[in-house]
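The structure under discussion appears below in the form of structure tokens.
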Amino acid sequence: MAIGIHRPTKITLDTEALVHNINVAKAPFPADINVFAVVKANAYGHGVREITQMAKQAGVAGFAVAILDEALEVRELGYEKEPILVLGITSVEYIVDAAINGISLTVGDLDWLKAAQPILDSEEIPPLKVHLAVDTGMGRIGAQTPAELSEMVKFLRNHAHEFNFEGMFTHFATADSPAEDYFDAQVANWNAAINVVNPLPKYVHAANSAATIWHPQAIKTNVLRLGAGMYGFNPSGTDLAAPMLQPVLSLTTEVVFVKQLAKGKSVSYGATYQATENEWVATLPIGYADGFLRRMQGYHVLVEGQPAEIIGRVTMDQMMIRLPKKYPVGTEVTIVGQSGEQQLSLVELATYANTIPYEIVTNLSTRIKREVK
Ligand SMILES: *Cc1c(COP(=O)(O)O)cnc(C)c1O
């Protein structure tokens, strides 16, 4: 049985918005540009089953995930031929699973290749697809110099039976920032890396959402690795504008309990909220176990286009709001999305929580049901 189907709290996913976002991201690039939908962390909390299907409809070439388990999950969802790239480092312990399932792994150094090579040296195991990571300034994984990269490429060419050198890529640290010097230095390092590899592998890629949206002319890439931009939230938060993006996710619930709270009475743990007059208060079936953070007390949701404050502490599974007037049980409440003339965005929610939208969505738990529209 699917979890959450007996509760009105739900995520609604907008296929048209996702298709639109992919198309606007691709627009500045040549028509044959590849898109890898980044679906790590349960598709940024949106739901990997639903998002892979929607992204496929939008014509993406492949998928990117963070860990091998996520890659195998995507294969199991029925994507048998599509490239699936694991962006993090996978222990050589697990590479046979990757090779057999045609999963592409990221490689950060020569030692890894040397450790993997004897394991893969077998007639039964197909060549492992690998993408070499180039650290042009992210400081996370990958070759730090063209010389290091060349060594890895040489090793791959000498062991073509064990490895399929399918790609190389880098990742930008500041593509979402108005200051461009650091970005420009990374671009220069990336161009230097490309120069030492001849011939180039099939996939040569450098574009996360921010680079795609704000620097399409500057980067040499034949794959767009789209996360945030595909989901339609601004990768920079509020630093740079991205008006072309349409949010894919809405988060709604319904009032499950209503009461009048007499002046002076309190709400929730710690009794941190006290009614200053007689107030209508509704209880909503969502809490921090769903990924709606405890620190959201004082934020607001929308009821028929009207703001309603979250009062008292958010509890694990429920929270309370102050209604502008009495509403019946079953009234829809919007936490992210459109309600009447009003809209609440992920960026607003994240800003209130003092974090970034990425952290908000990846916390949305599997307990919330997902619906595709
Ligand atoms: C997560 C990730 C992405 C996607 O980033 P967005 O900002 O969501 O587009 C792209 N590349 C790498 C290496 C990543 O880890």
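If you read the sequence shown in this note's numbering, its first letter stands for residue 21, the second for the next number, and so on.
From the three backbone atoms N, C-alpha and C, an ideal C-beta is built for every residue, glycine too.
Counting every other CB atom within 10 Å of its CB across the protein chains shown gives residue 74 a total of 16 or more, marking it as buried. Take residue 360, set aside five residues on each side of it, and the residues of its chain with a beta-carbon closer than 8 angstroms to its own are 322, 324, 325 and 326, in chain order.
The C-beta distance from residue 381 to residue 269 rounds to 7 angstroms, short enough to meet the 8 angstroms contact threshold. Listed in chain order, the non-local C-beta contacts of residue 193 below 6 angstroms within the same chain comprise 157 and 158, local neighbours out to five positions each way being set aside.
Here residue 387 carries a coil assignment [DSSP, helix/strand/coil].
Residues of the same chain with a CB within less than 6 angstroms of the CB of residue 68, apart from the 5 flanking positions on each side, are 59 and 62 in chain order. A residue is listed when its beta-carbon falls short of 5 angstroms from at least one non-hydrogen atom of ligand 1; in chain order these are 58, 107, 191, 228, 229, 245, 247, 248 and 255.
For the pair residue 96 and residue 83, the Cα-to-Cα distance works out to about 13 angstroms.
Within the stretch 233-288, the runs of alpha helix (DSSP H) at least 4 residues long that lie entirely inside it are, in chain order, 248-251. In the DSSP secondary-structure assignment, residue 188 is bridged to 152 and 224. In the DSSP assignment, residue 127 falls within the unbroken beta strand (DSSP E) covering 124-127. The alpha-carbon of residue 241 is positioned some 40 angstroms away from that of residue 29. In this structure, residue 265 sits away from residue 55, with a CB-CB distance that is not shorter than 7 angstroms. In this structure, DSSP gives residue 342 an extended state, which the three-state scheme calls strand. Residue range 82-85 is occupied by the beta strand (DSSP E) that includes residue 83, with no alpha helix (DSSP H) assigned at that position. When 377, 151, 278 and 368 are compared, the shortest CA-CA separation from residue 339 is found for 278. Contact between the stretch 213-225 and the stretch 174-190 is present: three or more C-beta pairs spanning the two stretches fall below 8 angstroms. Apart from the 5 residues on each side of it in sequence, residue 140 sits with its Cβ closer than 6 angstroms to the Cβ of 148 and 182 in its chain, given in chain order.
The Cβ atoms of residue 251 and residue 319 lie no closer than 7 angstroms to each other. Separation of the CB atoms of residue 312 and residue 334 is rounded to 6 angstroms, and the pair is thereby assigned contact status at 8 angstroms.
Within the same chain, 275, 278, 341 and 343 come within 6 angstroms of residue 302 by CB-CB distance, once the 5 residues on both sides are set aside. No Cβ-Cβ contact shorter than 7 angstroms links residue 205 with residue 231.
Distances from the alpha-carbon of residue 168 to those of 293, 144, 214 and 198 put 214 closest.
In the structure shown, the three-state DSSP call for residue 54 is strand. The three-state reading of DSSP puts residue 115 in helix, counting H, G and I together.
Put simply, the backbone Cα of residue 330 is about 34 angstroms away from that of residue 72.
The DSSP-derived three-state label of residue 327 is strand.
With a beta-carbon spacing of about 7 angstroms, residue 125 and residue 115 fall inside the 8 angstroms limit used to define contacts. Taking 7 angstroms as the cut-off, the beta carbon of residue 217 is found no closer than this to the beta carbon of residue 190. Under the three-state reduction of DSSP output, residue 304 falls in the strand class. Here the alpha carbons of residue 127 and residue 388 stand approximately 35 angstroms from one another.
With fewer than 16 other Cβ atoms from the protein chains shown falling within 10 Å of its own Cβ, residue 280 counts as exposed.
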